[in-house]
Amino acid sequence: MIKLAAFDVDGTLRDRDYLPESTRTALLKLKEQGIALALCTGRSEYEMESLWKELAIDWAVTCNGSHIGHQGKTVSGNAFPKETIIEWLQEANRLNHSILLYGSELMFTNKEDSEYFRQAQQEIGFMEPVLLGENDEVPDIYQCIIFCGEQEEASYLQDSGDSYYIHRWRPWAVDINPNGMNKALGLQKLLDHLNIMPNEVAAFGDGLNDLELIESVGTGIAMGNACDELKEKAKFVTKSLHDDGIAYAVEKWILRA
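Each residue of the sequence shown is one higher than the one before, starting from 1 at the first, in the UniProt record's numbering.
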């Protein structure tokens, strides 16, 4: 019996500002059956506020698993050491890279304007970050996006790359999370908090950063628009986001199970 359904956001629940009405209806049906809902995304808690309020989703596993929130309030988090963030900011300024830092309540950047950030903002959407000056206090940071090429990321990781979860989502942009965190580990922390077993969970995703998530639960569902690697790992493959894939999967593999 499914007790919780977890959803990636971009490419799964929504495509930029488009969220199918059938998805809203499907989520409501899940809640009516007493099934808890959770967002499970690489985005920040800050960016997800309007979405969890709109869809009445109480739980959010954000920053690729590094932060867990309940109605916008931090339940648990795995932040970088502050000295690491300070070093990365110094390195980004030295190399003229832009860097995006995810806190629990705000996003921060080292550059007021960045060509790559604006490109990412145009392609997938980002809220405006707050400029973090060299003398400003560094807040708790749960995820870092560095706008640089694959060869350049070594300047930040050096010999400690195995200590991080690394997800390159563009040739010029890479997610870095602390201590090997990923969506599966973050979701497991939430399940422990709620006393729910992994086999009682359905999870939906479409991207490479959903691989661990999909494999970690009893009912892993890849969207029809998902990458091939995820489809191979999923228990089920539903229709695409634009073809009412969430609603189709909810009816076929959750409500009728």
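Where a beta carbon is used, it is the ideal one built from N, C-alpha and C, also for glycine.
- Once you ignore the five residues that flank G77 on each side, which residues in its own chain have a CB closer than 6 angstroms to its CB? Numbered from 1 along the sequence shown, position 77 holds the residue referred to as residue 77. Hits under 6 angstroms: H67, Y142.
- Starting from the C-beta of C40, find all residues in its chain whose C-beta is less than 7 angstroms away, skip the five residues before and the five after it, and write them out in chain order. Here residue 40 is taken as the residue at index 40 of the sequence shown, counted from 1. A6, F7, D8, V61, K183, L187, A203, L213, listed in sequence order.
- Task: With a floor of 4 residues, list each alpha helix (DSSP H) that falls wholly inside the stretch 179-251, ordered by position along the chain.
- Result: You should have 183-194, 211-216, 228-233, 245-249.
- Starting from the N-terminal side, write out each stretch of the beta strand (DSSP E) that is 3 residues or longer and does not extend beyond the stretch 82-141. Whole beta strand (DSSP E) segments, 3+ residues: 98-102, 107-109.
- Query: By Cβ distance, which residues of its chain are closer than 6 angstroms to F108, with the 5 residues on each side in sequence left out?
  - Reply: Position 108 of the sequence shown, counted from the start, is the residue given in the question as residue 108. These residues qualify, in order along the chain: L101, P129, V130, L132.
- Message: Can you tell me whether G149 sits near the ligand GDP, meaning its C-beta is under 7 angstroms from at least one heavy atom of the ligand?
- Response: What this structure holds is no ligand at all, so the ligand GDP is not there to describe.
- Message: With DSSP as the reference, identify every bridge partner of D8, one or two as the case may be.
- Response: As a position in the sequence shown, residue 8 is number 8, starting the count at 1. None, per the DSSP bridge assignment.
- Task: Within its chain, find whatever has a CB closer than 7 angstroms to the CB of K231; leave out the 5 residues flanking it on each side and keep chain order.
- Result: Here residue 231 refers to the residue found at position 231 of the sequence shown. Listed in chain order, the non-local C-beta contacts of K231 below 7 angstroms within the same chain comprise A222, V237, local neighbours out to five positions each way being set aside.
- Message: Need the endpoints of the alpha helix (DSSP H) that W172 sits in, please.
- Response: The residue given as residue 172 occupies position 172 in the sequence shown. Going by DSSP, W172 is part of no alpha helix (DSSP H) at all; its letter is neither H nor E.
- On the three-state DSSP scale, how would you describe Y165? The sequence position of residue 165 within the sequence shown is 165, counting from 1. Secondary structure at Y165: strand, using DSSP grouped into helix, strand and coil.
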